[in-house]
Amino acid sequence: MSKVLKLFIAFVFAAAFVSCENKKTGVSEEKASASTESAPKTEVSKAEVDQKYANFAFEETVHDFGTIAKGDVVKHVFKFKNTGEAPLMISDIKTTCGCTTPQYTKDPVGPGESGEILVQFNSAGKAGVINKRVTIYANVEGGTDVVSIKCKIDSASEVDGPFKTQPNS
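Going by my numbering, the first residue of the sequence shown is number 256, and it counts up by one from there.
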């Protein structure tokens with residue numbers, strides 16, 4: 256019983272010690288709130304207010320391939336125009352899995368100019384209704400934009416695994 260009591264007391268002291276400090280700075284909560292209240296307000300610089308962004312204006316943000324056969328590889332080109340005030344620079348594109356692969360220009364797309372993003376989807380090993388997001392990292396307000404593809408994979412003609420239909424014997 257005394258072992259349990261000692262562990263409980265140690266836990267209480269540890270919790271009290273940890274909860275009294277700000278984890279990022281090591282400053283107690285009281286000191287942190289006092290220092291933020293007395294800190295002078297800084298003005299936002301003119302450069303931050305006047306920062307110009309690029310902007311994607313996609314012809315479409317979702318493409319539906321409809322029903323495709325299992326194992327098909329399908330492609331779609333998302334066309335866009337830069338309607339922003341700065342050259343649009345795509346730094347990276349991330350997909351939800353390796354079955355979806357994007358290709359895009361590494362060159363800046365000037366204001367008023369157009370560009371394309373090719374998205375390829377490989378349906379091998381997939382079944383049912385598919386929705387894939389493609390996240391585009393660029394110098395747009397918020398830092399990202401998203402397009403997506405969807406389809407339904409018809410797997411009726413091919414059955415994988417141990418439940419393949421067996422010939423009648």
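Virtual Cβ for every residue (Gly too), placed ideally from N, Cα, C. Computed from a prediction, not measured in an experiment: that's the story for all the values here.
By DSSP's criteria, residue i is part of a beta bridge. Which residues make up the other side?
i, result
"alanine 382", "Note: alanine 382 sits in no beta bridge, so no partner."
"proline 357", "Val374"
"threonine 399", "Tyr392"
"threonine 426", "Nothing in the structure corresponds to residue 426, since the chain is present only between 256 and 424."
Quick one: what does DSSP say residue i is sitting in, helix, strand or coil?
i, result
"alanine 219", "This structure does not reach residue 219, given that the chain is present from 256 up to 424, and the question cannot be answered."
"glycine 370", "strand"
"cysteine 406", "strand"
"glutamine 306", "coil"
"lysine 330", "strand"
"proline 363", "coil"
"alanine 393", "strand"
"alanine 312", "strand"
Nearest to residue i by alpha carbon, out of the options?
i, options, result
"valine 374", "Gly367, Thr390, Pro363", "Thr390"
"glycine 367", "Pro357, Lys336, Val395, Thr356", "Lys336"
"leucine 343", "Ser369, Ala309, Asp327, Gly321", "Ala309"
"phenylalanine 333", "Gly370, Gly383, Val395, Phe376", "Gly370"
"glycine 380", "Ile323, Phe311, Glu315, Ala312", "Ile323"
"alanine 341", "Asp400, Thr351, Phe311, Lys325", "Phe311"
From residue i to residue j, what does the alpha carbon distance come to, in whole angstroms?
i, j, result
"glycine 398", "tyrosine 392", "6 Å"
"glycine 365", "tyrosine 359", "15 Å"
"asparagine 425", "lysine 349", "The shown model of the chain, from 256 to 424, leaves out residue 425, and the question about it has no answer."
"threonine 355", "cysteine 406", "12 Å"
"arginine 388", "isoleucine 404", "7 Å"
"proline 357", "isoleucine 372", "7 Å"
"threonine 338", "alanine 411", "45 Å"
"glutamate 315", "glutamate 396", "19 Å"
"aspartate 400", "histidine 318", "15 Å"
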